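In the working numbering, the protein residues as written are 320 to 513.
Next comes the structure, spelled out in structure tokens:
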């Protein structure tokens, strides 16, 4: 699992709080004293944007200032535009409610959720489900994971869940719910046979 790419893809899709989950796991997974300051900076930038969007201006400004200090050491992630934007956010904490931050690039590549392999896409869906307390997405992610482990990488659960977290349209959520309901019915029918 490539937690950096998952976190960046979530960030680039506007899922700033969910981006925090895989990035924090990556950062905490490194031994103390060897943790990557760049990852810490992206973590703080993600939460700064989220706090700005939620109206927590003091939290947004503080995290934006702190993130700038960490991001100055980035090599793998292109952060020049983000550094400038965070400087503006620190001075105007409401900026995140009016304007999206610049896209992040890993090794010159802007990463979207559609760019992730199925296993990483499922992890992205799980992060969104966890941060939003979305039971439907949690269930869809579990079914997607089971399908991928069974060699069904084109599972509709993967495609629909990623489509929904990319652009949360009601029709996509409805289709996802229909697939979940059918799978649950099928499972209960099989359980009823034994």
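Using N, Cα and C, we set each Cβ at its ideal position, and we do this for glycine too. Here the structure is a predicted model, which is why all the values come from computation and not from measurement.
Would you mind giving the Cβ-Cβ distance between residue i and residue j, rounded to the nearest angstrom? I have them listed as a contact below 8 Å.
i	j	result
residue 432	residue 485	5 Å
residue 362	residue 347	About 10 Å separates the two Cβ atoms, so there is no contact after all.
Note the first and the last residue of the continuous alpha helix (DSSP H) segment covering residue i.
i	result
residue 486	Per DSSP, residue 486 belongs to no alpha helix (DSSP H) and is neither H nor E.
residue 372	356 to 373
residue 391	Element bounds for residue 391: n/a, residue is neither H nor E.
residue 341	335 to 347
residue 321	Careful: residue 321 lies outside any alpha helix (DSSP H) and carries neither H nor E.
residue 398	Run containing residue 398: none; DSSP gives neither H nor E here.
residue 418	Careful: residue 418 lies outside any alpha helix (DSSP H) and carries neither H nor E.
residue 473	No alpha helix (DSSP H) holds residue 473; DSSP gives it neither H nor E.
Let me know the secondary structure DSSP gives residue i once reduced to three states.
i	result
residue 447	helix
residue 425	strand
residue 352	coil
residue 508	helix
residue 412	coil
Count the other CB atoms within 10 Å of the CB of residue i; is the residue buried (16 or more) or exposed (fewer)?
i	result
residue 504	exposed
residue 353	exposed
residue 479	buried
residue 445	buried
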